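Notes follow the structure.
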Amino acid sequence: MDIPKTVVAKGVLVSKYPEEKVDNVPPGRDDWKMFVADVMYRNYEFRRSGSKKALKLRQMVGKCVAWPKSNVMDIKLMLGNVATSI
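The sequence shown runs 1 to 86 under UniProt numbering.
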């Protein structure tokens, strides 16, 4: 069993399909489209795969983002939603 990663944000899975664009750009094959509902580390920098520009997590609240699927933890049984982690 792996050691749990740090949860940096809570959100909802919108889509696992690459046809679902995020900001008019298809997510990478290793990304899922997530709606960011809340963040725990507001100043943490997030960089989308293949992007040079980093955003602070606080800038992502209330938006859909392409999040690496390997960093998504399903905790709906505990919290009623999906949380993302690093």
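Note that the Cβ used here is the ideal one computed from N, Cα and C, for glycine as well. Please read all numbers here as calculations on a predicted model, not as lab measurements.
Going by Cα to Cα distance, which pick from 28, 34 and 56 is closest to residue 18?
By one-based count along the sequence shown, residue 18 stands at place 18. For residue 18, the nearest C-alpha among the options comes from 28.
Grouping DSSP H, G and I as helix and E and B as strand, with all else coil, what is residue 51?
By 1-based counting over the sequence shown, the position of residue 51 is 51. Coil at residue 51, not helix or strand.
Count the other CB atoms, across all protein chains shown, that sit within 10 Å of the CB of residue 54; report buried if there are 16 or more and exposed otherwise.
Looking up residue 54 in the sequence shown gives position 54. Per the 10 Å Cβ criterion, exposed.
Looking at residue 40: is its Cβ nearer than 7 Å to the Cβ of residue 8?
Counting from 1 along the sequence shown, the entry for residue 40 is found at position 40. Counting from 1 along the sequence shown, the entry for residue 8 is found at position 8. Yes. Within cutoff.
For residue 71 versus residue 56, is the C-beta distance shorter than 7 Å?
Taking the first residue of the sequence shown as position 1, residue 71 is located at position 71. Taking the first residue of the sequence shown as position 1, residue 56 is located at position 56. Taking 7 Å as the Cβ cut-off, residue 71 and residue 56 do not qualify as a contacting pair.
How long is the line joining the alpha carbons of residue 63 and residue 47, rounded to whole angstroms?
Residue numbering aside, residue 63 sits at position 63 when the sequence shown is read from its first letter. Residue numbering aside, residue 47 sits at position 47 when the sequence shown is read from its first letter. Answer to the nearest angstrom: the Cα atoms are 15 Å apart.
Assign residue 31 to one of two classes, buried (16 or more other C-beta atoms within 10 Å of its C-beta) or exposed (fewer than that).
On the sequence shown, residue 31 is found 31 positions in, with the first residue counted as 1. Burial call: buried.
Measure the alpha-carbon distance for residue 12 versus residue 6 and round it to whole angstroms.
Within the sequence shown, the letter at position 12 stands for residue 12. Within the sequence shown, the letter at position 6 stands for residue 6. Rounded to whole angstroms, residue 12 to residue 6 spans 17 Å at the Cα level.
When DSSP labels each residue in this structure, what does residue 60 get in the three-state scheme?
Looking up residue 60 in the sequence shown gives position 60. DSSP places residue 60 in helix when its eight states are reduced to three.
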